[in-house]
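Enquirer:
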Amino acid sequence: GIGHVRWATHGIPSVINAHPHSSEIVSVVHNGIIENSDEIKKKLELKGLRFKSQTDTEVITLLITEYLKDDKEPLESVFSTLKKLKGSFALGIIFKNHQNIIIGARRGSPLAVGYANDENYLGSDSYALKSMTNKISYLDDGDLCVLSKDKVEFYDVNKKKINKKIYV
């Protein structure tokens, strides 16, 4: 599962503007700001998509959804979405049809991965993960990670698989 403990930067504090933002097949939590969200929103609306919230995060959700509907796998859908985004973010993304993974992505905002026995975690920093683990890796700007319960894979901005140091 995913969660986010603060209200959206865009829109009034309300249930509809709270994270996660979900389509029928993907849910996203987001810390940061998507500077070109209005531009992306207008393009998606021209394609007939409707928005429920006033947030910039919902454009991420709907972009990923569109790529998934075009038969792209989750990792490729996220990479394609990230190319369209301007701004800073730490993302946590889950998928209805791929329930065994969580994808995280970082640009500007901090993001960390925590490791435990048969569990892996995504958090804003080591303090957010401290009660669950003391084994941590940090994503660098442009990095993306794919977590399952027993494995973590890291990728750089060029989609190249990379290794990350684990701090104890």
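According to the numbering used here, the sequence shown holds residues 20 to 187 in order.
Virtual Cβ for every residue (Gly too), placed ideally from N, Cα, C.
If we ignore side chains and look at the alpha-carbon of each, how far apart do Asn-182 and Leu-68 end up?
Expert: Distance between the alpha carbons of Asn-182 and Leu-68 is about 38 angstroms.
Enquirer: Would you kindly check if the distance between the Cβ of Gly-51 and the Cβ of Gly-133 is under 8 angstroms?
Expert: Not closer than 8 angstroms, so no.
Enquirer: Could you check what DSSP says for Leu-87 in three-state terms: helix, strand or coil?
Expert: Residue state, collapsed to three classes: helix.
Enquirer: Here's the rule I'm using: 16 or more other beta-carbon atoms within 10 Å means buried, otherwise exposed. How should Thr-135 be labelled?
Expert: Looking at the sequence provided, one finds Ala at residue 135 rather than Thr. When all chains shown are included, Ala-135 counts as exposed.
Enquirer: Are the stretch 45–65 and the stretch 75–84 touching by the rule of at least three beta carbon pairs closer than 8 angstroms?
Expert: Touching, per the Cβ criterion.
Enquirer: Is the CB-CB distance between Asp-169 and Asp-137 below 8 angstroms?
Expert: Taking 8 angstroms as the Cβ cut-off, Asp-169 and Asp-137 qualify as a contacting pair.
Enquirer: Could you give the first and the last residue of the continuous beta strand (DSSP E) run that contains Tyr-174?
Expert: Residues 170–174.
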